[in-house]
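Worksheet for the structure shown next.
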Amino acid sequence: MSGTEKPLPPMTAETRPFWDGCRAGELRYQYCRACDRVQFYPRSICARCGRSALEWRRSNGTGTVYAFTVVYRPPSAAFAADVPYAIALVDLDEGFRMMTNVIDCDPEAVAIGDRVRVVFERRADTVLPHFTPVHPHTPKERG
Amino acid sequence: MRRVRTLSRRARITGAGDTAFGELAGSSPLSLHAEATCAALADAGIDNAKVDGIVCAYSLVEPHLMLSSVVAEYLGIRPGYSAAIQLGGATGCAMVMHAALLIESGRCRHVLVVAGDNRLSGMSRDGAVAALARVGHAQFEVPYGPTVPAYYALVASRYMHEYGVTPDHLAHVAVTMRRHAALHPGAQLRKPITVEEVQASRLIAKPLRLLDCCLVSDGAAAVVVSAPEAASGAADPRVAVIGMGQGHTHEHISQAPSLTEFGCGDAARRAFGEAGVAASDIDVAEIYDSFTITLLVELESMGFFAKGEAGPGIAAGAIGLDGRLPTNTHGGLLSFGHSGAAGGLTHVVEAVRQLRGRADARQVPDAKLAFVHGDGGVLSAHCSLVLART
Ligand SMILES: [Zn+2]
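Sequences listed follow chains A and B, in order. Just so you know, the first sequence maps onto residues 0 to 142 in numbering that gives the first Met the number 0. Just so you know, the second sequence maps onto residues 0 to 389 in numbering that gives the first Met the number 0.
Now the structure itself:
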């Protein structure tokens, strides 16, 4: 990784349906028919029961911020132009959690409990799920 | 059920050694391994021909598939048992646990445990930050631009939300570590700091500021773990490993079952149970402090403080040298220094010095029982040790 290009997800056969979903504007997750449990990230087996009775489902794309931070010191030059930016753990309404950026808002206004919805952002030839507040805060700069 | 083994059969730590931490011009991963090893072997009163087991960690500066073989070759050791362990910040304690298990099984008599890296001079702070950030999930975390401080900041946000921890509480952790480091001649940063200076340092990942974060250092540490019957020749064989435990709940923070309870609780419970002691019995604690929030969360998860009470307790001096639980008496990763697996091993070295009464100006009077803990990943992999003066 050169540090000048943002990293792309190195997708595998078991995660490709998720990334294909993002390209199609769908946030997909796995559901285990054997133990009635949802799962994220995608795996070849259910991490609870060990079976492979998994099916893909489509999330409605809304969730709640469980934890968040605002990054001021980026991991590499590729993210330097973006600081400060918000990273959150979002609990989707279907019961799974994912890491994401919270975008199109004042990152300093993001808070635990905020309702957010998925938006899809293109990076090279991949599409990544990001989230944005359902009820946008007024950016602090505008007063 | 408690399973307290006879003290006479427990492994001993017969030697401990370290290098100074900081920017060590001209150092290499292997020269640092050698310096710490020589100090530990001299302390144990043995030469390298007596070492029949070696346990190493990993190096970011000179990665190798077989580091324990490389180190043994460099040091002229031909062990009967060799292994390398990779558990991030839990590695130091886990290496000692592995060595103690080799001793208890009768497999070895003297096991060398050593780790070192020149992360500051060998790869730059930017290089270390970039390399460590990639511990995140390559598909489902790293594309969003997290750093290791950001992973821990996620924990901090939730922990502060649920238990009322404040930036002031976190700053007191950093101030206490620096006060301890000022008493250690080998520490990287020794100039005292104030709560105001911590809170005025630049934001790294909200709410964590520069002085909430551990250092990047060159340095190495080593210990010799010996069979009780083989320890009698050592100059100061007074330290026994009386309790050990691990706990593992996840690797990636987005997969953690909780952001307020972690595997350190399981690790500590197992170690205390094996030792037959309680948190309240501990005289001195050396606990992984990659960030200020790390130490605070671990102290509460492991039962040294009730939930929400570590912050006010630390602000009132509870983990200072004259507090009720002197913690990280060498200054910890926040001020003594941090060089990968060697960072966690310095906590073990300091515990040994405390139990022998050789911690000089940092000495906790009459320290008989020490607790050491390492955390790897993002509060993911945990290993606890209870050490006792025999
Ligand atoms: Zn299942």
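The C-beta atom is built at its ideal place from N, Cα and C for all residues, glycine as well.
Contacts with chain B (Cβ-Cβ distance below 7 Å) from the segment 25 to 38 of chain A involve no residue at all.
Contact of S75 of chain A with chain B is assigned, a C-beta pair being separated by under 8 Å. For the segment 40 to 69 of chain A, the residues whose beta carbon sits under 8 Å from a beta carbon of chain B are, in order, Y40, Y65, A66, F67, T68, V69. Within the same chain, Cβ atoms closer than 6 Å to the Cβ of G135 of chain B are found at V141, P145, the five residues on either side in sequence being excluded. Listed along chain A, the residues sitting closer than 9 Å to P145 of chain B by beta-carbon distance are T68, V70, P74, I86, M98. Annotation for A33 of chain A indicates a beta carbon within 7 Å of some heavy atom of ligand 1.
In chain order, A52, L53, E54 place their CB closer than 8 Å to the CB of R32 of chain A, counting only its own chain and leaving out the 5 sequence neighbours on each side. L74 of chain B counts as buried, since no fewer than 16 other beta carbons sit within 10 angstroms of its beta carbon. By the criterion of a C-beta distance shorter than 8 Å, K5 of chain A is surrounded in its chain by A77, F78, R122, once the five residues flanking it on both sides are discounted. If you check the C-beta of C45 of chain A against ligand 1, you find a heavy atom less than 7 Å away.
Between A114 of chain B and T90 of chain B, the C-beta spacing is below 8 Å. Judged by DSSP secondary structure, C45 of chain A falls outside any beta strand (DSSP E); it is assigned neither H nor E. Nearest C-alpha to T248 of chain B among B:F139, B:S27, B:D46, B:L86: B:L86. Annotation for A221 of chain B: the continuous beta strand (DSSP E) segment containing it runs 217 to 225. DSSP places H32 of chain B in the helix class (H, G or I) of the three-state scheme.
At a beta-carbon threshold of 8 Å, the residues of chain B lying near L7 of chain A are P142, ordered along the chain. Excluding sequence positions up to five before and after G316 of chain B, its CB lies within less than 6 Å of the CB of G322, all in the same chain and listed in chain order.
Between T3 of chain A and chain B, the shortest Cβ-Cβ separation is not below 8 Å. Using beta-carbon distances, V128 of chain B counts as an interface residue toward chain A, with a partner under 8 Å. DSSP places G20 of chain A in the helix class (H, G or I) of the three-state scheme. Around T14 of chain A, the beta-carbon contacts reaching into chain B at under 9 Å are Q138, F139. Under the 10 Å beta carbon count, M65 of chain B is surrounded by fewer than 16 other beta carbons and is classified as exposed.
Residues of the segment 160 to 181 of chain B whose Cβ lies closer than 7 Å to any Cβ of chain A, in chain order: H160. Near chain A, meaning a CB-to-CB distance below 9 Å, the residues of the segment 186 to 207 of chain B are R201, L202, I203, A204, K205, P206, L207. The beta-carbon of L91 of chain A is placed no less than 8 Å from the nearest beta-carbon of chain B. For N59 of chain A, same chain residues with a beta-carbon under 7 Å away, outside a window of 5 residues either side, are D92 in chain order. Among the CB atoms of chain A, none fall inside 8 Å of the CB of L378 of chain B. The three-state reading of DSSP puts P256 of chain B in coil, since its state is none of H, G, I, E or B.
R36 of chain A sits in a strand when the DSSP states are folded into three classes. Taking I203 of chain B as the centre and dropping the five residues before and after it, the same chain places the C-beta of P148, L209, C212 closer than 7 Å to its C-beta, in chain order. Nearest CB-CB separation between L258 of chain B and chain A: below the 8 Å threshold. Every beta strand (DSSP E) stretch that sits fully inside the segment 314 to 381 of chain B and reaches 3 residues is listed by chain position as 368 to 375. Assignment of M243 of chain B by DSSP, reduced to helix, strand and coil, places it in the strand class.
One Cα belongs to R269 of chain B, the other to G244 of chain B, and the distance between them is close to 5 Å.
In this structure, A35 of chain B lies away from A340 of chain B, with their beta-carbon atoms at least 8 Å apart. Along the segment 43 to 107 of chain B, the beta strand (DSSP E) occurs as fully enclosed runs of 3 or more residues at 52 to 55, 80 to 83, listed in sequence order.
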